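Chemist:
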Amino acid sequence: IAHSFRHRLFVGVEEELKGDIIEIMRNTSFLVLLLLSSFQGLVSTFSSVDFGPRGRRARWMTATATSSCCVAKWKVLTTTRLSATGSAENEGFFDVEITKMDDLILSLSMERDDAQRRDKVAQVLGEKLLQPNGLGSSDRFAQLFDERLTAVGENVRTQATAQAEAGGENGRPSEDTGKQLWALVDMMVQSKIIFKKAREDGLVG
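Using the working numbering, the letters of the sequence shown map in sequence onto residues 628 to 832.
1) Let me check understanding here. Comparing Cα to Cα, which of Ala-789, Ala-742, Asp-766 and Val-783 lies closest to Gly-719?
2) Decide if the region 764 to 779 is in contact with the region 801 to 810; the criterion is three or more beta carbon pairs, one per stretch, under 8 Å apart.
3) Can you tell which of Asp-828, Asp-773 and Gly-832 has the C-alpha that lies nearest to the C-alpha of Leu-811?
4) Could you check the C-alpha separation between Arg-775 and Val-748 for me, to the nearest Å?
5) What residue range is occupied by the uninterrupted alpha helix (DSSP H) comprising Phe-720?
6) Decide if Gln-743 is buried, meaning its Cβ has at least 16 other Cβ atoms within 10 Å, or exposed.
7) Which of the three DSSP states is assigned to Met-737 in this structure?
8) Sorted by chain position, which residues of the same chain lie with C-beta nearer than 8 Å to Met-837's C-beta, five sequence neighbours on each side aside?
9) Would Leu-771 and Glu-724 qualify as a contact pair, given that the criterion is a beta-carbon distance under 8 Å?
10) Could you tell me which of Gly-753, Lys-727, Leu-731 and Asp-729 sits nearest to Lys-823, measuring between CA atoms?
11) Does DSSP put Gln-758 in a helix, a strand or coil?
12) Assign Asp-803 to one of three DSSP states: helix, strand, or coil.
13) So, is Ala-791 buried or exposed, given that buried needs 16 or more other C-beta atoms within 10 angstroms?
14) Would you grab the beta carbon distance between Val-816 and Ala-825 for me? Rounded to a whole angstrom, and I think it's under 8 Å.
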């Protein structure tokens, strides 16, 4: 089972993204609107996510670059309250666990190369989900990672929104903040897929 799970972590993630995205995002409160422009090549990302009680939908935006510039200009427009922020403290997690998890997530989100970051995320999650039960059990790790990823994402989103508002009508967050926010969204989708596979393999309850 362990060998099979490790193999599955590194294959099929890209292919599963669109097929699993609605199911995955139904279970998260991270609602984000990202607008990418002047990006070389074909870009696919969320243009809107709306999972209210009456309507749950995910719409993909595909844009073809009109410029040879490889830098994405990010504009973050989001209105959401991430209810999971701070909830880890109520689930029996120690402060040191929360701090270490936040540091891990921030470190991963600073990797700008998507492929390298996804490999690192898959490796880290794979190792943690295969560890024996106890204080660092796979269930405990998965829950804390999910909650703190949402909390960290909220903090970065708040920073990006403040930067955009400070810039006036044409304001946008800094390039670094925008890229980090994208990395966190990408990590959220990837981790949801990995945890889904782990549940299927009986590694997470």
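Note that beta-carbon positions come from the ideal geometry of N, C-alpha and C, so glycine has one too. Computed from a prediction, not measured in an experiment: that's the story for all the values here.
Modeler: For this structure:
1) Asp-766
2) no
3) Considering only alpha carbons, the answer is Asp-773.
4) 15 Å
5) Counting along the chain, Phe-720 falls outside any alpha helix (DSSP H), and DSSP gives it neither H nor E.
6) Burial state of Gln-743 is exposed, judged by a 10 Å Cβ sphere holding fewer than 16 other Cβ atoms.
7) coil
8) Beyond the ends of the chain as shown, which are 628 and 832, falls residue 837; an answer cannot be given.
9) yes
10) Gly-753
11) coil
12) Here Asp-803 sits in helix by DSSP.
13) buried
14) In fact, because the Cβ distance is near 15 Å, the residues do not count as touching under 8 Å.
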